[in-house]
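Peer 1: The listed protein sequences derive, respectively, from chains A and B.
The first sequence: position 197 = 200 (our numbering), numbered continuously.
The second sequence: position 339 = 342 (our numbering), numbered continuously.
Heads up, the beta-carbon is just placed ideally off N, CA and C, and yes, glycines get one too.
Number of protein chains: 2
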Amino acid sequence: LQRQHENELRALVNSLHPADIAFILESLPKEDRQMIWQLVRAEFDADVLLEVADWVRQSLIETMDRADLVAATENMDADEIADLIANLPPDVVAEVQKGLTPKERAQLIEAMGYPEDSVGGIMDFEMVRVRDDVSLEVVLRYLRRQEALPDHTDQIFVVDRTDKLLGTLSLSALLVSDPDATVRDVMSTDYLTLDPMDADAEAAQAFERYDLVSAPVIDRRGRLIGRVTIADVVDVIREDSDEQALSRAGMQEEDIFAPVVRGIRNRAPWLLLNLCTAGTAAFVASRFEDTVSHIVVLAFLMSIVAGIGGNSGNQTMTLIIRALAVGRVTSQNAWQLIKRELVVTLLVGTMGSVAAGGFAWWISGSVPVALVMMAAMIGNMLVGAMVGVMVPMVRSRLGKDPAMGSSVLLTFATDSLGFFIFLGLATIFLI
Amino acid sequence: LQRQHENELRALVNSLHPADIAFILESLPKEDRQMIWQLVRAEFDADVLLEVADWVRQSLIETMDRADLVAATENMDADEIADLIANLPPDVVAEVQKGLTPKERAQLIEAMGYPEDSVGGIMDFEMVRVRDDVSLEVVLRYLRRQEALPDHTDQIFVVDRTDKLLGTLSLSALLVSDPDATVRDVMSTDYLTLDPMDADAEAAQAFERYDLVSAPVIDRRGRLIGRVTIADVVDVIREDSDEQALSRAGMQEEDIFAPVVRGIRNRAPWLLLNLCTAGTAAFVASRFEDTVSHIVVLAFLMSIVAGIGGNSGNQTMTLIIRALAVGRVTSQNAWQLIKRELVVTLLVGTMGSVAAGGFAWWISGSVPVALVMMAAMIGNMLVGAMVGVMVPMVRSRLGKDPAMGSSVLLTFATDSLGFFIFLGLATIFLI
Numbered sequence: 004l005q006r007q008h009e010n011e012l013r014a015l016v017n018s019l020h021p022a023d024i025a026f027i028l029e030s031l032p033k034e035d036r037q038m039i040w041q042l043v044r045a046e047f048d049a050d051v052l053l054e055v056a057d058w059v060r061q062s063l064i065e066t067m068d069r070a071d072l073v074a075a076t077e078n079m080d081a082d083e084i085a086d087l088i089a090n091l092p093p094d095v096v097a098e099v100q101k102g103l104t105p106k107e108r109a110q111l112i113e114a115m116g117y118p119e120d121s122v123g124g125i126m127d128f129e130m131v132r133v134r135d136d137v138s139l140e141v142v143l144r145y146l147r148r149q150e151a152l153p154d155h156t157d158q159i160f161v162v163d164r165t166d167k168l169l170g171t172l173s174l175s176a177l178l179v180s181d182p183d184a185t186v187r188d189v190m191s192t193d194y195l196t197l198d199p200m201d202a203d204a205e206a207a208q209a210f211e212r213y214d215l216v217s218a219p220v221i222d223r224r225g226r227l228i229g230r231v232t233i234a235d236v237v238d239v240i241r242e243d244s245d246e247q248a249l250s251r252a253g254m255q256e257e258d259i260f261a262p263v264v265r266g267i268r269n270r271a272p273w274l275l276l277n278l279c280t281a282g283t284a285a286f287v288a289s290r291f292e293d294t295v296s297h298i299v300v301l302a303f304l305m306s307i308v309a310g311i312g313g314n315s316g317n318q319t320m321t322l323i324i325r326a327l328a329v330g331r332v333t334s335q336n337a338w339q340l341i342k343r344e345l346v347v348t349l350l351v352g353t354m355g356s357v358a359a360g361g362f363a364w365w366i367s368g369s370v371p372v373a374l375v376m377m378a379a380m381i382g383n384m385l386v387g388a389m390v391g392v393m394v395p396m397v398r399s400r401l402g403k404d405p406a407m408g409s410s411v412l413l414t415f416a417t418d419s420l421g422f423f424i425f426l427g428l429a430t431i432f433l434i
Numbered sequence: 004l005q006r007q008h009e010n011e012l013r014a015l016v017n018s019l020h021p022a023d024i025a026f027i028l029e030s031l032p033k034e035d036r037q038m039i040w041q042l043v044r045a046e047f048d049a050d051v052l053l054e055v056a057d058w059v060r061q062s063l064i065e066t067m068d069r070a071d072l073v074a075a076t077e078n079m080d081a082d083e084i085a086d087l088i089a090n091l092p093p094d095v096v097a098e099v100q101k102g103l104t105p106k107e108r109a110q111l112i113e114a115m116g117y118p119e120d121s122v123g124g125i126m127d128f129e130m131v132r133v134r135d136d137v138s139l140e141v142v143l144r145y146l147r148r149q150e151a152l153p154d155h156t157d158q159i160f161v162v163d164r165t166d167k168l169l170g171t172l173s174l175s176a177l178l179v180s181d182p183d184a185t186v187r188d189v190m191s192t193d194y195l196t197l198d199p200m201d202a203d204a205e206a207a208q209a210f211e212r213y214d215l216v217s218a219p220v221i222d223r224r225g226r227l228i229g230r231v232t233i234a235d236v237v238d239v240i241r242e243d244s245d246e247q248a249l250s251r252a253g254m255q256e257e258d259i260f261a262p263v264v265r266g267i268r269n270r271a272p273w274l275l276l277n278l279c280t281a282g283t284a285a286f287v288a289s290r291f292e293d294t295v296s297h298i299v300v301l302a303f304l305m306s307i308v309a310g311i312g313g314n315s316g317n318q319t320m321t322l323i324i325r326a327l328a329v330g331r332v333t334s335q336n337a338w339q340l341i342k343r344e345l346v347v348t349l350l351v352g353t354m355g356s357v358a359a360g361g362f363a364w365w366i367s368g369s370v371p372v373a374l375v376m377m378a379a380m381i382g383n384m385l386v387g388a389m390v391g392v393m394v395p396m397v398r399s400r401l402g403k404d405p406a407m408g409s410s411v412l413l414t415f416a417t418d419s420l421g422f423f424i425f426l427g428l429a430t431i432f433l434i
């Protein structure tokens, strides 16, 4: 019975698209994942391994024997092998390398040489090249001799004898033009090229802005070395957006079924850091112990001042980080931005402080406490706005990721200074 | 001199790609933006208007006279006019509609009928259709009679006399196959179709997973009504990721140069909501006024308990929201997820509570205070984990956006319950 059940499952799994199999594997706990992986047909192995997220791939490769791994890997393109190589056992790598042509081996070494988040790290080597002096008819006949065009071929590349890129010929132009025309007459010479050392996020911005499907990658001497396609770019956009969301919460990518130990390693540093900043803020507040012991209600109001300052600063910071990410903040408009944020915050803060003051009056029965509350809240919101604008801008100027570190600094500032302003004003005016 | 300067600027602006002009306009304060817009050559008007973000478009249209607006709009495709129509004055809309063919007018009405975030809202109507009984040679000759293929044409659609979709013919297959073959023999019948009422985010997931460049949209009766391309999908992915980042901070899209009034309207509701939750938490804490007035140091420690609980819960919530967004949480694995999060949090919390307890002991000089601190911190982190898992899951089950509302509820729970647990334990064990 178990056997029959397994056969049904096997048929079901293998009727799916490799991308769907990858998705299912990612959604399963480790044991179930490896059980299903055993059922996947061998000819899907390569595609599934390339589709799954990094943190799942390792657990799949662990269960494969050497022969299966070599079989899955040896028909991959050089750039695909490069993406996988960190997860492969050394003897499999050696075996696979033996099977490559000298050209493929050179491509593999080249692909491995680029950082993961560079254009070189996402480019592939499969593309159609033609000369500029032939007719479109010749190009059409040449294409007809291929089995298939590389995925996402929306244009073919026109190169000279030394592989220098001379132009691009879109399939659209190829199809609508007179076959007797030469490539040179029809090709476009106004196109975007990428450098293999460009950041992949920059390439993604270019693809988004100019609605590209593929773009050529050239070296310093103008020679065509690779191609980036929209499929890779979409992955870059999605990964960057995921990373940003996670880094705001102080984490990295984590398998929701990864071993508990990994979860702890991923989360503990951030919480420890927050413990330090919260401890510092508590220490600042504790310097006002006398004041608080005289007017205990201050203890309950001070966390409101700190919290609203943090929330307000977080709004400003979110806007600024986004504007920085798309390159919309310049040194010319920076001052104007700061001014605008301070004005918006001052006005929102003034309105909010009326509500907060009313609450403080209700809970304390004291008008002076309410007035201190109002002043401290506006003051701390302005602190939040300043930090929210300045810190991401300075970090981005220094070439650092503006998102993650900024939020720690923001909370630190609005907590510590919030307590300091509120309890300081209370000490001056109420004691 | 002013004049000459202006001419140079005009030449510079008009040498740019419309997408770059749109980007520059978005990065400028309103007055500069409208000044530059005046310099843009009339034939770029349509492309730039379509490229700029919604909040910029209105300010550009305001400065155009009626004739220019009609000129810019009348050559747009029906789906493009539909995207713009909310920003156009009614008399311009009437004028433009008069210039449309009956077919275009029907398309315009159709496009306007779909919600903005549906497949119907992003689809276009420009595509190549062929019959299945002709040879590829006939298709090639037909294409050669076109001026150009619609942007992002990677496949053409095979339909019958009633426009029912029978298959897709990729340009790649068209180019590599024998021209004497018929379309029917070469076309693919295994393809993904979209329904115009599908959510655009779902279409985006399909494009990502299957690496598509375009996909056909069909109605209930299987008739081809439109096409979605990767260019629109990339915009959807980017907008969704932007919206998510903003909604976490309680905001909507905001022009960093929008009038201050808009900034206030965008931010005040969220801050007011946070003021209410912080006020409630303060009220809960104030019920323990006697305890705090006996042991004042509790006032400084209680915000640490609340803050770490919130941070820890936020990590859990970020992971769960992401897993929900890609459809990786099912009712089968939900319980396992909750268990895992509780275990990870318990272990991280136990480790962190040693540091927090040490700090409490140092600042208070009292071992019992330190022990209460440790217990409260672990307890509140577990509260954060529970809320971080459960609230997004329940919200998503109820069909609500899991991101925004969840974070308010999380802060509310970890603040109020954090104070309650800490001061409650202190009242029981220390007084």
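Output, in sequence order along the chain, the residues in the region 238-255 of chain A whose CB is closer than 9 Å to any CB in chain B.
Peer 2: Cβ contacts with chain B come from Asp238, Ile240, Arg241, Asp243, Ser244, Asp245, Gln247, Ala248, Leu249, Arg251, Ala252, Gly253, Met254.
Peer 1: I need the straight-line Cα distance from Met67 (chain A) to Ala109 (chain A), nearest angstrom please.
Peer 2: Here residue 67 (chain A) refers to the residue found at position 64 of the first sequence. Here residue 109 (chain A) refers to the residue found at position 106 of the first sequence. Near 27 Å, if we compare the C-alpha coordinates of Ala109 (chain A) and Met67 (chain A).
Peer 1: Counting only beta-carbon separations shorter than 8 Å, does Arg325 (chain B) have a partner in chain A?
Peer 2: The count along the second sequence starts at 1 and reaches residue 325 (chain B) at position 322. Yes - at least one Cβ of chain A is within 8 Å of the one on Arg325 (chain B).
Peer 1: With H, G and I counted as helix, E and B as strand and the rest as coil, what does DSSP make of Ala309 (chain A)?
Peer 2: Position 306 of the first sequence, counted from the first residue, corresponds to residue 309 (chain A). Helix at Ala309 (chain A).
Peer 1: Please identify the residue among B:Ser369, B:Ile39, B:Leu152, B:Gln149 whose C-alpha is closest to the C-alpha of Ala429 (chain B).
Peer 2: Here residue 429 (chain B) corresponds to residue number 426 of the second sequence, with the count starting at 1. The candidate whose alpha carbon is nearest that of Ala429 (chain B) is B:Ser369.
Peer 1: How long is the line joining the alpha carbons of Gly387 (chain B) and Met380 (chain B), rounded to whole angstroms?
Peer 2: Numbered from 1 along the second sequence, position 384 holds the residue referred to as residue 387 (chain B). Numbered from 1 along the second sequence, position 377 holds the residue referred to as residue 380 (chain B). About 10 Å.
Peer 1: To the nearest angstrom, how far is it from the Cα of Ile311 (chain A) to the Cα of Asn277 (chain B)?
Peer 2: The count along the first sequence starts at 1 and reaches residue 311 (chain A) at position 308. The count along the second sequence starts at 1 and reaches residue 277 (chain B) at position 274. Rounded to whole angstroms, Ile311 (chain A) to Asn277 (chain B) spans 7 Å at the Cα level.
Peer 1: Thinking C-beta only, is Ala406 (chain B) closer than 8 Å to Ala302 (chain A)?
Peer 2: Within the first sequence, numbered from 1, the residue matching residue 302 (chain A) stands at position 299. Within the second sequence, numbered from 1, the residue matching residue 406 (chain B) stands at position 403. For Ala302 (chain A) and Ala406 (chain B), no; Cβs fall outside 8 Å.
Peer 1: For the region 150-178 of chain A, list every residue whose C-beta sits within 9 Å of some C-beta in chain B, in sequence order.
Peer 2: Residues Glu150, Ala151, Leu152, Pro153, Asp154, His155, Thr156, Asp157, Ser173, Leu174, Ser175, Ala176, Leu177, Leu178.
Peer 1: Should Gly310 (chain B) be flagged as near chain A, meaning a C-beta pair shorter than 8 Å?
Peer 2: The residue given as residue 310 (chain B) occupies position 307 in the second sequence. Yes, Gly310 (chain B) counts as interfacial toward chain A.
Peer 1: For Ser289 (chain A), which three-state DSSP category applies?
Peer 2: Your numbering for residue 289 (chain A) matches position 286 in the first sequence. Helix, per DSSP.
Peer 1: Tell me which residues share the same chain as Pro32 (chain A) and place their Cβ nearer than 6 Å to its Cβ, disregarding the 5 neighbours each side in the sequence.
Peer 2: Position 29 of the first sequence holds residue 32 (chain A). Once the five neighbours on either side are set aside, the close Cβ partners of Pro32 (chain A) are Phe260.
Peer 1: Could you give the residue range of the alpha helix (DSSP H) that holds Ile2 (chain A)?
Peer 2: Nothing about residue 2 (chain A) can be reported from this structure: the residues present for chain A run from 4 to 434 only.
Peer 1: Got a sec? Which residues, its chain only, sit under 7 Å from Asp166 (chain B) by beta carbon, not counting five neighbours each side?
Peer 2: In the second sequence, residue 166 (chain B) corresponds to position 163, counting from 1. Cβ within range, chain order: Arg226, Leu227.
Peer 1: Using a threshold of 7 Å, is the CB atom of Met396 (chain B) nearer than that to any non-hydrogen atom of the ligand NAP?
Peer 2: Absence of the ligand NAP from the depicted structure is noted, as is the absence of any ligand whatsoever, leaving it without description.
Peer 1: Would you say Gly382 (chain A) faces chain B, with C-beta separation under 8 Å as the test?
Peer 2: In the first sequence, the residue the question calls residue 382 (chain A) occupies position 379. Gly382 (chain A) does not count as touching chain B.
Peer 1: What residues in its chain sit with their C-beta under 6 Å from that of Gln247 (chain B), if we drop five residues either side in the sequence?
Peer 2: Residue mapping note: residue 247 (chain B) aligns to position 244 of the second sequence, counting from 1. Contacts found: Ala406.
Peer 1: Since Thr185 (chain B) sits in a beta bridge, which residues does DSSP pair it with?
Peer 2: Taking the first residue of the second sequence as position 1, residue 185 (chain B) is located at position 182. DSSP lists B:Ser138 as partners of Thr185 (chain B).
Peer 1: So, is the C-beta of Leu28 (chain B) closer than 8 Å to a C-beta in chain A?
Peer 2: Reading the second sequence from its first residue, position 25 is the one you call residue 28 (chain B). Leu28 (chain B) does not count as touching chain A.
Peer 1: Does DSSP put Asp127 (chain B) in a helix, a strand or coil?
Peer 2: Counting from one through the second sequence, the residue named residue 127 (chain B) turns up at place 124. Here Asp127 (chain B) sits in strand by DSSP.
Peer 1: Taking just the CA atoms, how far does Gly313 (chain B) sit from Thr2 (chain B)?
Peer 2: Residue 2 (chain B) falls outside the range modelled here, since chain B spans only 4 to 434, and no answer is possible.
Peer 1: Can you look up Ile159 (chain B) in the DSSP assignment and give me helix, strand or coil?
Peer 2: Here the question's residue 159 (chain B) lines up with position 156 in the second sequence. Note: Ile159 (chain B) maps to strand in three-state DSSP.
Peer 1: Counting only beta-carbon atoms, is Tyr117 (chain B) nearer than 8 Å to chain E?
Peer 2: The structure shown contains no chain E; the protein chains it does contain are A and B.
Peer 1: Measure the C-alpha to C-alpha separation of Gln3 (chain B) and Pro153 (chain B) and round it to an integer number of angstroms.
Peer 2: A question about residue 3 (chain B) goes unanswered here, because the residues of chain B that appear run from 4 up to 434.
Peer 1: Are the Cβ atoms of Asp82 (chain B) and Phe128 (chain B) separated by less than 8 Å?
Peer 2: As a first step, residue 82 (chain B) is located in the second sequence; it is residue number 79 there, counting from the start. As a first step, residue 128 (chain B) is located in the second sequence; it is residue number 125 there, counting from the start. Taking 8 Å as the Cβ cut-off, Asp82 (chain B) and Phe128 (chain B) qualify as a contacting pair.
Peer 1: Where does Arg223 (chain A) sit, in a helix, a strand or coil, going by DSSP?
Peer 2: For this step, residue 223 (chain A) is matched to residue 220 along the first sequence. DSSP places Arg223 (chain A) in coil when its eight states are reduced to three.
Peer 1: Would you give the residue range spanned by the alpha helix (DSSP H) that Leu177 (chain A) belongs to?
Peer 2: In the first sequence, residue 177 (chain A) corresponds to position 174, counting from 1. From DSSP, the alpha helix (DSSP H) with Leu177 (chain A) extends over 174-179.
Peer 1: If we cut at 8 Å on Cβ distances, does Gln339 (chain B) have a partner in chain A?
Peer 2: What you label residue 339 (chain B) is simply residue 336 of the second sequence in a count that begins at 1. Answer yes: the Cβ-Cβ gap between Gln339 (chain B) and chain A drops below 8 Å somewhere.
Peer 1: Do you know whose CA, among A:Val51, A:Asp203, A:Arg187, lies nearest Val133 (chain A)'s CA?
Peer 2: Locating residue 133 (chain A) in the first sequence gives position 130, counting from the first residue. Looking at the Cα atoms, A:Arg187 is the closest of the given residues.
Peer 1: Would Thr353 (chain B) and Asn383 (chain B) qualify as a contact pair, given that the criterion is a beta-carbon distance under 8 Å?
Peer 2: Working through the second sequence from its first residue, we reach residue 353 (chain B) at position 350. Working through the second sequence from its first residue, we reach residue 383 (chain B) at position 380. Going by C-beta atoms, Thr353 (chain B) is not nearer than 8 Å to Asn383 (chain B).
Peer 1: May I have the straight-line CA-CA distance separating His297 (chain A) from Val295 (chain B), to the nearest angstrom?
Peer 2: Taking the first residue of the first sequence as 1, we reach residue 297 (chain A) at position 294. Taking the first residue of the second sequence as 1, we reach residue 295 (chain B) at position 292. The straight-line gap from Cα to Cα measures roughly 11 Å.
Peer 1: Does the region 94-104 of chain A come close enough to the region 62-77 of chain A that 3 or more CB-CB pairs lie under 8 Å?
Peer 2: Yes, they touch.
Peer 1: Given that a residue counts as buried once 16 or more other Cβ atoms are within 10 Å of its Cβ, and exposed if not, what is Arg270 (chain B)?
Peer 2: As a working note, residue 270 (chain B) is residue 267 in the second sequence. By the neighbour-count rule (16 or more Cβ atoms within 10 Å), Arg270 (chain B) is buried.
Peer 1: Please decide whether Leu322 (chain B) counts as near chain A, where near means a Cβ-Cβ distance under 8 Å.
Peer 2: Taking the second sequence and counting its residues from 1, the one referred to as residue 322 (chain B) is at position 319. By this cut-off, Leu322 (chain B) is an interface position.
Peer 1: Going by CA-CA distance only, name the one from A:Ile64, A:Arg36, A:Pro199 that's closest to Met115 (chain A).
Peer 2: Position 112 of the first sequence, counted from the first residue, corresponds to residue 115 (chain A). Considering only alpha carbons, the answer is A:Pro199.
Peer 1: Show which residues of chain A have a CB atom less than 8 Å away from the CB atom of Pro32 (chain B).
Peer 2: Looking up residue 32 (chain B) in the second sequence gives position 29. Per Cβ cutoff of 8 Å: Asn336, Gln339.
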